[in-house]
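Undergrad: So my numbering is basically just the index in the sequence shown, starting at one, shifted up by 754. Dumping the structure here so I can ask a few things about it.
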Amino acid sequence: RKSRLLEAFVALLDRLTRTTPALLCIDDLHDADPATLELLQYVMHAASSMPLWVVVTVRVGAASQKLRLLMSWLEQADLAATLAPGPLDGAQTRALIEARLATRASAELVTLLAERARGLPLFLHAALAQLEQSGDLLMVDDVAYPAKGADATLPVGLRGWIDASFARLPAPARGVVELLAVAGQSLSWAVLARAGDLGEPALLDALADLRARDFIVEHVDGAAPAYHLTQPLARDAIHDRLTETARRQI
């Protein structure tokens, strides 16, 4: 059954690419299950002669051993290449702001957001959303400006964004994040349920909320799901904000 499914998917791609090239995009491949990784490996090998581009995004720190082995195999077989984009420069920051707002951005706005987002598109989008929600984004002659004092409403640097995002979490979700930060490793559902002292509905809600906010990654460890924090820096920042007494209690 599995082989028929793999062959059917490749046959579909073959039909799609007979008349025109195609692009297959897979986001957050680090969240993929083993079956999806197997499908990707089969597709990359079988479709190497097709006019098909496959683009995937991977958070390297969250990649499983199986995914790392697959990436290495694809590169060695000359079927893939890894690109590691750096932070946005000034021109790229301006372009992203103006694309997001559909208007021109002032030099003051570009400078403020470049400083606070540190070239990270995720934080740039978050900063723009925060300026819009707080009313600190002004339009003058179709040009976007930050309001006076807007810099005081935006966190500084990655740890600032982590602290601000953590503070906005509901209490049960914050408790789960603190458990994962202190553990420094993946924790199973059973361990979170026991250590977090949450009932099943509350834990389900907390995990769903954290996944939606991209705070945690879920993966299958044996027969049960397990969870770890998405960003190592988030783990370090939240761990460091806890006192030693609090860590021991957790």
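Beta carbons are placed, not taken as given, at the ideal position from N, Cα and C, and that holds for glycine.
1) Find out if the Cβ-Cβ distance for the pair serine 860, alanine 898 is shorter than 8 Å.
2) Have a look at Pro875, Ser919, Arg858 and flag the residue whose alpha-carbon is nearest the alpha-carbon of methionine 893.
3) Could you check which residue in Thr774, Leu767, Ala765, Leu828 has the C-alpha nearest to that of glutamate 792?
4) Quick one: is valine 930 buried, meaning 16 or more other Cβ sit within 10 Å of its Cβ, or exposed?
5) Does DSSP put alanine 1012 in a helix, in a strand, or in coil?
6) Below 8 Å, how does it come out for the segment 956 to 971 and the segment 925 to 944: are there three or more Cβ pairs, yes or no?
7) With a threshold of 16 other CB atoms inside 10 Å of the CB of threonine 984, please say whether the residue is buried or exposed.
8) From what residue to what residue does the beta strand (DSSP E) around alanine 980 run?
9) According to DSSP, what are the bridge partners of glutamate 972?
10) Does the segment 782 to 800 come close enough to the segment 825 to 841 that 3 or more CB-CB pairs lie under 8 Å?
11) Leaving aside the five residues before and after isoleucine 1004 along the sequence, list all residues of the same chain whose C-beta is less than 7 Å from its C-beta, in chain order.
12) Mind checking whether leucine 885 and proline 900 have CB atoms under 8 Å apart?
13) Span of the alpha helix (DSSP H) holding valine 931?
14) State whether the segment 860 to 871 contacts the segment 804 to 819, with contact taken as three or more CB pairs (one from each stretch) at a distance under 8 Å.
15) So is leucine 890 buried or exposed if we call it buried at 16+ other beta carbons inside 10 Å?
16) In whole angstroms, what is the alpha-carbon distance linking proline 805 and leucine 778?
17) In angstroms with no decimal places, state the Cα-to-Cα distance between valine 974 and aspartate 896.
18) With DSSP run on the structure shown, which of helix, strand or coil describes arginine 813?
19) For leucine 952 and threonine 997, what's the separation of their Cα atoms in angstroms?
20) Taking a contact to mean a Cβ-Cβ separation below 8 Å, would you say threonine 907 touches leucine 878 in this structure?
TA: Based on what the coordinates show:
1) Position 106 of the sequence shown, counting from 1, holds the residue named residue 860. Position 144 of the sequence shown, counting from 1, holds the residue named residue 898. In this structure, alanine 898 lies closer than 8 Å to serine 860 by Cβ.
2) The sequence position of residue 893 within the sequence shown is 139, counting from 1. The shortest Cα separation from methionine 893 among Pro875, Ser919, Arg858 belongs to Arg858.
3) Here residue 792 is taken as the residue at index 38 of the sequence shown, counted from 1. Among Thr774, Leu767, Ala765, Leu828, the Cα nearest to that of glutamate 792 belongs to Leu828.
4) Start at 1 with the first residue of the sequence shown, and residue 930 comes out as number 176. Buried, since its Cβ has 16 or more Cβ neighbours within 10 Å.
5) Residue 1012 lies beyond the stretch modelled for the chain, which goes from 755 to 1004, so this question has no answer here.
6) yes
7) In the sequence shown, counting from the first residue as 1, residue 984 sits at position 230. The residue in question, threonine 984, is buried, as its Cβ has 16 or more Cβ neighbours within 10 Å.
8) If you number the sequence shown from 1, residue 980 lands on position 226. Start and end: 978 to 983.
9) Counting from 1 along the sequence shown, the entry for residue 972 is found at position 218. For glutamate 972, which the question treats as bridged, DSSP gives the partners Tyr981.
10) yes
11) Numbered from 1 along the sequence shown, position 250 holds the residue referred to as residue 1004. Once the five neighbours on either side are set aside, the close Cβ partners of isoleucine 1004 are Glu932, Leu933, Val936.
12) As a first step, residue 885 is located in the sequence shown; it is residue number 131 there, counting from the start. As a first step, residue 900 is located in the sequence shown; it is residue number 146 there, counting from the start. Yes, the Cβ-Cβ distance between leucine 885 and proline 900 is below 8 Å.
13) Taking the sequence shown and counting its residues from 1, one reaches residue 931 at position 177. Residues 925 to 937.
14) no
15) Locating residue 890 in the sequence shown gives position 136, where the first residue counts as 1. First, the amino acid is wrong: residue 890 is aspartate here, not leucine. Aspartate 890 should be labelled buried.
16) Working through the sequence shown from its first residue, we reach residue 805 at position 51. Working through the sequence shown from its first residue, we reach residue 778 at position 24. Answer to the nearest angstrom: the Cα atoms are 11 Å apart.
17) Walking along the sequence shown from the start, residue 974 turns up at place 220. Walking along the sequence shown from the start, residue 896 turns up at place 142. Answer to the nearest angstrom: the Cα atoms are 50 Å apart.
18) Sequence index remark: in the sequence shown, residue 813 carries index 59 (1-based). In the structure shown, arginine 813 sits in coil (DSSP, three-state: anything other than H, G, I, E or B).
19) Residue mapping note: residue 952 aligns to position 198 of the sequence shown, counting from 1. Residue mapping note: residue 997 aligns to position 243 of the sequence shown, counting from 1. Taking the straight line joining both Cα atoms gives about 22 Å.
20) Within the sequence shown, numbered from 1, the residue matching residue 907 stands at position 153. Within the sequence shown, numbered from 1, the residue matching residue 878 stands at position 124. Result no, Cβ atoms of threonine 907 and leucine 878 do not sit closer than 8 Å.
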